[in-house]
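Notes to accompany the following structure.
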Amino acid sequence: MAVTAGRPNRGALLPSRVSALTGSRAGSLAIFVARRILWMIPIVFFVILITFFLMHQAPGSPWDKEGGRQLSQVVVDNLNAKYGLNKPEYQQFLLYLWNAIHFDFGLSYQYSGKTVVKLIAEAWPYTATIGVLAFLLIVPVGVGLGVLAALRQNSRIDYVTMGFATFAASFPNFVIGALMVVVFSVLMAKWTERAFFLPAADFGLDDHLIMPVITLSLLPIAYTARLTRASTLDTIRQDYIRTAWAKGLSERLVVVRHILKNSLIPVVTTLGPTFAFLVTGSIVVETVFNIPGIGRAFVTAVSSRDYPMILGTTILFSVIIAVANLVVDVLYVFIDPRVRLT
Amino acid sequence: MQRGTSIRAVALASAGMFLVAACGGGGGTTSENLAPPDKQILRANPGTEPNSYDPTQQTYSYEAAVGAQAFESLLKPRADLSDVQPAAAKSYEVSSDGLSYTFHLQPNAKWSDGKPVIASDWVYGYKHLLNPALAAGYVDPFFDGTIAGAQNYGSIDVSSASAIDAFLAGLGLSAPDNNTFVIKLQHPAAYFKWVVTLWMAAPIRKDIVESAAGGSFPSNDTTKPLIWANDVKTIIGNGPFKVSEIGAHDHVTLVPNTGYWAGGQKLQQIILYFISDGNTAYSKYQTGTLDIINVPTADIDVVRGDAVLSKQAHLLPQLTTFWMSFNTTKPPFDNPKVRMAFAKSIDRIKLTKDVRHDTDQPIQSFIPKGMAGYDTSDNAQSYDPAAAKKLLSDAGVSASTLNAFKLLTRNSTGSKTINQFLVDQWNTNLGLNIQLDVIDSKTVTSRIRKGQFDIYGPDGWGADYPDQQDWFDIFTSGSCHSLNWGCATLPGYDDLVKKANTELDQNQRNKDYLTAQKMLIDQAAVAFIYQSYEYDLIAPYVHITNSAFDYQYLPGSQSYNTAYITAH
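Protein chains in written order, with our numbering: chain E, 1 to 342; chain B, 1001 to 1568.
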């Protein structure tokens, strides 16, 4: 969440603007970042508190299986003893906190003998790779399309771009993913007699990335393009832009220096949460393309009531979201000189 | 692959075993058709990663997919499932009182690191499985009425190393010499030869476990004894294949164990994928990057209509039966007439045709086709709406009483569509208005464990081993709230099953189990509905021998050590 130091969230679209302070800008920035990082401690604490007691409220125990042979009571009792689940909940909570302070996030219940840290370290790089690549695609394409549509408002380019954006925003990504697999994998393999096709599953730093990255990017691209267009249109009508044109500046200068610098502020605000969303994994994309990422690991953990894994991933997600918002707030300083941080 | 294999498959299923893939050319000799070693790769999809690579900690079929290749148990089922045959033990003897089993190990057996497999590895493996602190999920068949001393499994204080040590030392497991492994039983159990076929009853190397753990550890340690199974380098087994690479949560690769006593493995790589979405696996099969898949239900008719794919499809029987449970502790379901009325108002043929796409087959009895004890002569539960209605009126139960009950349903597409069909049958045929209660699967499990339901299903059982004991124990009163969810208590049933379990004369056992099955059917302990069949695609160049006992979605998995790929 976009929390300015010591103040409540002021809404995702509003940059944190705090009245100017004396002292060097770099110094106040350092203090701001340090305070925000310290603020993450209570945030994570409450995330653990809420998650811990909510997940224990969920019916079913980690040892109940989804049908078929169930473990006998004798085995269940031994498992509860093995993982300390026979202790009162508040004791389990305190023990978890104590261990978490020492960066020990426990053993997974589902994968016997594996630590939560190891499981996250196995899964997150996949998600992060795809998420970062998607982000690198979303920013230029989304912003580019949005600016193009705004500068040529009501032209054919505008209609085509916004038509695409509406299309991409209205199709759920599991449909897009499945469609891409059918066309670029199954049918392509059939037409070319398996000479050329995109792989339908697995993960690798090659053509395996194409379909997942595109599927993951389409909705944010559409969203970013529409937002950029609206914001740019808003900026174009400002008096200072008319002044810039009247001064006889070239189109390039007007667009880059005067329009973009102002129109991109709301876009930057949304890119923080978008980035956090991308690198915490999409269960849909990870399932359709069978990517062993953190999104799938999280959903598996929830459905199998793997308590330590649920807590571990939730903590990771909350830290990522907090950091992404912090980065956005810091970026304002560089984009908008009016912004001062405390 | 030949035309009509799937028809043959069904016809031969009664014999328990059948050949799936006749080789491409002219049958008989195959060496000229064999693909070169670099093409001897089999790619299949158990769908989920093992929760552990330590076989003693495994419970699921998708775990056996790896565990049963990397490790080999003492005996294994014969191809026709009629009896056991040698595996890691080349022979075994049972003492005349039925209490002592002596296994003579294969003299040339080697671990995948080249060391010989000795009897003390077996003792260590069985103790690892039976250590209550490690809480192995599948341990029940080993302490429940079988291994001497293990009956105390449930009463050991798992925090006390000395209590665990005393328990483990008192187990009836010994190694009189390097090639002999002796197991003593609590009382005679004719089915024990089947228990030792279970893949989690594997030998484990003490030196490897301890070096991975960084030294020896007390027996109440719950984490150190399992560390070895997290690293490919220390997953050393005695099976025909060894784990060579783990692509975490994506796939595992197996390669031949060159020291395997029988040798002769032709496959140079088995890649088992963890693709949870059936549609993704189906797409991958169509691009030629998976060789064996289970066809997603929604695509069954597409495959049947496809000129190419339909020839690669196989309908394979599973040793799995499904049924509906009634909460017999609650009136009016304590009345067998009411239960029978429900059982007799299910059109099972329509169910399997319309809902299960004609894959699963109707069944009105307990033991599935393909294993000892299959008998369909008792058709008391057959579809007869008129008789069902009469049973209800004889029982004097009104529709309004029954309408208050709900059918507890797991929130999965399969369960929902089957149960929607079933309530529709009951409502139409019995003039009722029963509703579904669809909830998240874990919650359903916790409810049935506490007996909080009226009607629940479909619930099923897949054979752990093809002996009736594995099945009939389910409906004993002792299994109330653990497998016998409806807590059916049939007069005389428990004693009869206990007698059959300990009886040494196989003919007498078969007779007793048949009587027990008749009790289950005639008193409608549950309503049996269908035996499940898998509809799988197998690439034409894959040569495997299939068995009804193969692991789920892995046709041929009992015979990977003889499987091969033909030139393509």
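No residue lacks a Cβ here, since even glycine has one placed at the ideal position from N, Cα and C.
The model shown is predicted, which means the values in this text are computed figures rather than measured ones.
For residue j and residue i, the rounded distance between their alpha carbons
i: Ile-259 (chain E); j: Ala-225 (chain E); result: 15 Å
i: Gly-1028 (chain B); j: Ala-1307 (chain B); result: Caution applies to Gly-1028 (chain B), whose pLDDT of 42 falls short of 50 and renders its modelled position unreliable; the value that the coordinates give is listed next. For Gly-1028 (chain B) and Ala-1307 (chain B), the distance between alpha carbons rounds to 27 Å.
i: Gln-1425 (chain B); j: Tyr-1553 (chain B); result: 30 Å
i: Thr-300 (chain E); j: Trp-124 (chain E); result: 14 Å
i: Ile-1208 (chain B); j: Trp-1228 (chain B); result: 7 Å
i: Asp-239 (chain E); j: Ser-28 (chain E); result: 32 Å
i: Val-74 (chain E); j: Tyr-1138 (chain B); result: 11 Å
i: Leu-1081 (chain B); j: Tyr-1191 (chain B); result: 13 Å
i: Ala-1500 (chain B); j: Asp-1140 (chain B); result: 19 Å
i: Val-254 (chain E); j: Thr-129 (chain E); result: 36 Å
i: Gln-1381 (chain B); j: Ala-1527 (chain B); result: 7 Å
i: Phe-1103 (chain B); j: Trp-1111 (chain B); result: 18 Å
i: Asn-1561 (chain B); j: Pro-1540 (chain B); result: 19 Å
i: Tyr-111 (chain E); j: Val-76 (chain E); result: 16 Å
i: Val-330 (chain E); j: Ala-297 (chain E); result: 31 Å
i: Phe-334 (chain E); j: Phe-167 (chain E); result: 34 Å
i: Phe-317 (chain E); j: Pro-59 (chain E); result: 24 Å
i: Asp-1038 (chain B); j: Val-1195 (chain B); result: 37 Å
i: Leu-187 (chain E); j: Pro-199 (chain E); result: 12 Å
i: Thr-215 (chain E); j: Asp-207 (chain E); result: 14 Å
i: Pro-1336 (chain B); j: Lys-1406 (chain B); result: 18 Å
C-beta atoms of residue i and residue j nearer than 8 Å
i: Pro-1086 (chain B); j: Asn-1179 (chain B); result: no
i: Glu-1063 (chain B); j: Asn-1051 (chain B); result: yes
i: Gly-1239 (chain B); j: Ala-1070 (chain B); result: yes
i: Arg-1348 (chain B); j: Tyr-1530 (chain B); result: yes
i: Asn-1429 (chain B); j: Pro-1385 (chain B); result: yes
i: Arg-305 (chain E); j: Pro-62 (chain E); result: yes
i: Leu-1198 (chain B); j: Tyr-1465 (chain B); result: yes
i: Leu-349 (chain E); j: Ala-150 (chain E); result: This structure cannot speak to residue 349 (chain E), because chain E is shown only from 1 to 342.
i: Ser-1283 (chain B); j: Ser-185 (chain E); result: yes
i: Ser-217 (chain E); j: Ser-1482 (chain B); result: no
i: Leu-1033 (chain B); j: Ala-1567 (chain B); result: The sequence shown places Asn at residue 1033 (chain B), rather than the Leu named in the question. Yes, these two residues count as a Cβ contact at 8 Å.
i: Ala-100 (chain E); j: Ile-48 (chain E); result: yes
i: Leu-1351 (chain B); j: Leu-1042 (chain B); result: no
Among the options, nearest to residue i - alpha-carbon criterion
i: Leu-1074 (chain B); options: B:Gly-1067, B:Val-1084, B:Met-1324 and B:Leu-1185; result: B:Val-1084
i: Leu-136 (chain E); options: E:Trp-63, E:Asp-207, E:Leu-148 and E:Val-213; result: E:Val-213
i: Met-180 (chain E); options: E:Phe-164, E:Ile-210, E:Gln-91 and E:Tyr-83; result: E:Ile-210
i: Gln-1435 (chain B); options: B:Thr-1102, B:Cys-1487, B:Phe-1453 and B:Thr-1445; result: B:Phe-1453
i: Phe-203 (chain E); options: E:Ala-150, E:Phe-167 and E:Tyr-126; result: E:Tyr-126
i: Leu-219 (chain E); options: E:Ser-263, E:Ser-282 and E:Ala-58; result: E:Ser-282
i: His-56 (chain E); options: E:Leu-71, E:Ile-41, E:Glu-89 and E:Phe-45; result: E:Glu-89
i: Leu-1272 (chain B); options: B:Lys-1284, B:Gly-1278 and B:Asp-1250; result: B:Asp-1250
i: Ile-1156 (chain B); options: E:Phe-164, E:Lys-82 and E:Thr-129; result: E:Lys-82
i: Gly-1492 (chain B); options: B:Met-1519, B:Phe-1326, B:Phe-1142 and B:Lys-1233; result: B:Met-1519
i: Tyr-1456 (chain B); options: B:Arg-1356, B:Ala-1525 and B:Ile-1521; result: B:Ala-1525
i: Thr-1443 (chain B); options: E:Phe-52, E:Phe-32 and E:Glu-66; result: E:Glu-66
i: Val-116 (chain E); options: E:Pro-292, E:Trp-39 and E:Thr-313; result: E:Thr-313
i: Ala-1298 (chain B); options: B:Phe-1142, B:Ser-1477, B:Asp-1358 and B:Val-1117; result: B:Asp-1358
i: Val-302 (chain E); options: E:Leu-79, E:Ser-108, E:Phe-277 and E:Trp-245; result: E:Ser-108
i: Asn-1484 (chain B); options: E:Ala-222, E:Phe-103, E:Ile-50 and E:Gln-70; result: E:Gln-70
i: Arg-1205 (chain B); options: B:Pro-1218, B:Asp-1221, B:Ile-1246 and B:Thr-1056; result: B:Thr-1056
Beta carbon proximity, residue i to chain A, threshold 8 Å
i: Ile-1041 (chain B); result: Note that chain A does not occur in the displayed structure, where the protein chains are E and B.
Distance between beta carbons of residue j and residue i, contact taken as under 8 Å
i: Thr-1099 (chain B); j: Lys-1193 (chain B); result: Here residue 1099 (chain B) turns out to be Leu, not Thr, going by the sequence shown. Wrong, their Cβ atoms sit about 14 Å apart, outside the cutoff.
i: Ile-241 (chain E); j: Asp-336 (chain E); result: 16 Å between Cβ atoms; not a contact.
i: Gly-964 (chain B); j: Ser-1325 (chain B); result: The requested residue 964 (chain B) is not part of the displayed model; chain B covers only 1001 to 1568.
i: Tyr-1535 (chain B); j: Ala-1281 (chain B); result: Their Cβ separation, rounded to whole angstroms, is 13 Å, which puts Tyr-1535 (chain B) and Ala-1281 (chain B) out of contact at 8 Å.
i: Leu-1254 (chain B); j: Lys-1242 (chain B); result: 7 Å
i: Asn-1419 (chain B); j: Asp-1440 (chain B); result: Not confirmed; about 15 Å, so no contact.
i: Gly-1556 (chain B); j: Ala-1563 (chain B); result: 6 Å
i: Tyr-1513 (chain B); j: Phe-1472 (chain B); result: 6 Å
i: Ala-999 (chain B); j: Tyr-1551 (chain B); result: This structure cannot speak to residue 999 (chain B), because chain B is shown only from 1001 to 1568.
Residues of the segment 1433 to 1450 of chain B with Cβ closer than 9 Å to any Cβ of chain E, in chain order
Within the segment 1433 to 1450 of chain B, contact with chain E at the beta-carbon level (separation under 9 Å) is assigned to Ile-1439, Asp-1440, Ser-1441, Lys-1442, Thr-1443, Val-1444, Thr-1445, Ser-1446, Arg-1447, Ile-1448 and Arg-1449.
Of all the residues that make up the segment 1459 to 1474 of chain B, which are near chain E by a beta-carbon distance shorter than 9 Å?
Residues passing the 9 Å Cβ filter: Asp-1459, Gly-1460, Trp-1461, Gly-1462 and Asp-1464.
Can you give me, in chain order, the residues of the segment 116 to 132 of chain E that have a beta carbon less than 7 Å from any beta carbon in chain B?
Per Cβ criterion, the list reads Glu-122 and Ala-123.
Chain-ordered residues of the segment 274 to 305 of chain E with a beta carbon less than 9 Å from chain B:
Residues of the segment 274 to 305 of chain E with a C-beta atom less than 9 Å from some C-beta of chain B are Thr-287, Val-288, Phe-289, Asn-290, Ile-291, Pro-292, Gly-293, Arg-296, Ala-297, Thr-300, Ser-303, Ser-304 and Arg-305, listed in chain order.
Listed in chain order, which residues of the segment 1361 to 1395 of chain B have Cβ atoms closer than 9 Å to some Cβ of chain E?
Listed in sequence order: no entries.
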